[in-house]
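Taking this note's numbering, the leading residue of the sequence shown gets 1257, the next gets one more, and so forth. C-beta atoms are modelled at their ideal positions from N, C-alpha and C, and glycine is treated no differently.
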Amino acid sequence: MRITLNGKWVFDSNLFIYFLDKSSPFYEQARALFAEIISEKIQPYCGQQNIIEVERILVQRYKITVPEITPKVDTLITEFHFRVMAPFPYTVKTFHTILPSIKSGGDIFDYYLAATMLDNGINRILTVNTKDFSQIKEIQAINPFK
1257 MRITLNGKWV FDSNLFIYFL DKSSPFYEQA RALFAEIISE KIQPYCGQQN
1307 IIEVERILVQ RYKITVPEIT PKVDTLITEF HFRVMAPFPY TVKTFHTILP
1357 SIKSGGDIFD YYLAATMLDN GINRILTVNT KDFSQIKEIQ AINPFK
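Structure (structure tokens):
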């Protein structure tokens, strides 16, 4: 059963990559998800760190030059009306509050994204990697392709 998506959602970096990569097995699903933004069902958010991660992946894995990716990412953010979340000076404190609840493993940058989300009043993220956020009880992580 597919969850109805509406309201504020953070888009994880992988969704941007799938949308930009026409050879991805998730490309068509990502296009459909981004179409829901246009229909104004979803209020899209991303973190500054998501933008940096997407650009890093495009440069390192896809071998796209920086002059090519910057306008591509800027256009994506603008055309789909993404609100870009920034950490606050106290986000490090929120991050340090989350860390002890993490049992093992995981990507520390995902935990910082979670802290940034919480400090911006958002607790829902769309990601293919729901396990990355599964240990953070305040965050609801949904795979939009299931």
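With burial defined as no fewer than 16 other Cβ atoms inside 10 Å of the residue's Cβ, what is the status of residue i: buried or exposed?
| i | result |
| --- | --- |
| F1272 | buried |
| T1446 | Shown here, the chain extends from 1257 to 1402; a query on residue 1446 therefore has no answer. |
| Y1368 | buried |
| M1257 | A caution first: M1257 carries a pLDDT of 39, below 50, which makes its placement in the model unreliable, though a value can still be read off. M1257 should be labelled exposed. |
| Y1301 | buried |
| E1284 | exposed |
| F1338 | buried |
| S1390 | exposed |
| I1358 | exposed |
| P1356 | exposed |
| Y1274 | buried |
| V1348 | exposed |
| P1327 | exposed |
Would you kindly check if the distance between the Cβ of residue j and the Cβ of residue i is under 8 Å?
| i | j | result |
| --- | --- | --- |
| I1320 | L1314 | yes |
| V1329 | Q1304 | no |
| Y1346 | D1375 | yes |
| I1392 | W1265 | no |
Whole-angstrom Cβ separation of residue i and residue j, contact assumed at under 8 Å?
| i | j | result |
| --- | --- | --- |
| S1269 | E1324 | Contact flag wrong, Cβ pair sits at about 18 Å. |
| P1400 | L1276 | Contact doesn't hold; Cβ gap of about 16 Å is too wide. |
| A1397 | T1386 | 4 Å |
| I1293 | F1336 | 5 Å |
Per the DSSP calculation, residue i is bridged to which residue(s)?
| i | result |
| --- | --- |
| K1264 | Q1299 |
| A1397 | I1381 |
Unbroken stretches of the beta strand (DSSP E), 3 residues or longer, contained in the segment 1338 to 1381:
Listed in chain order, the complete beta strand (DSSP E) runs (minimum 3 residues) inside the segment 1338 to 1381 are 1339 to 1341.
Which runs of the alpha helix (DSSP H), 4 residues or longer, sit entirely within the segment 1300 to 1328?
As far as the segment 1300 to 1328 is concerned, its whole alpha helix (DSSP H) runs of at least 4 residues are 1304 to 1316.
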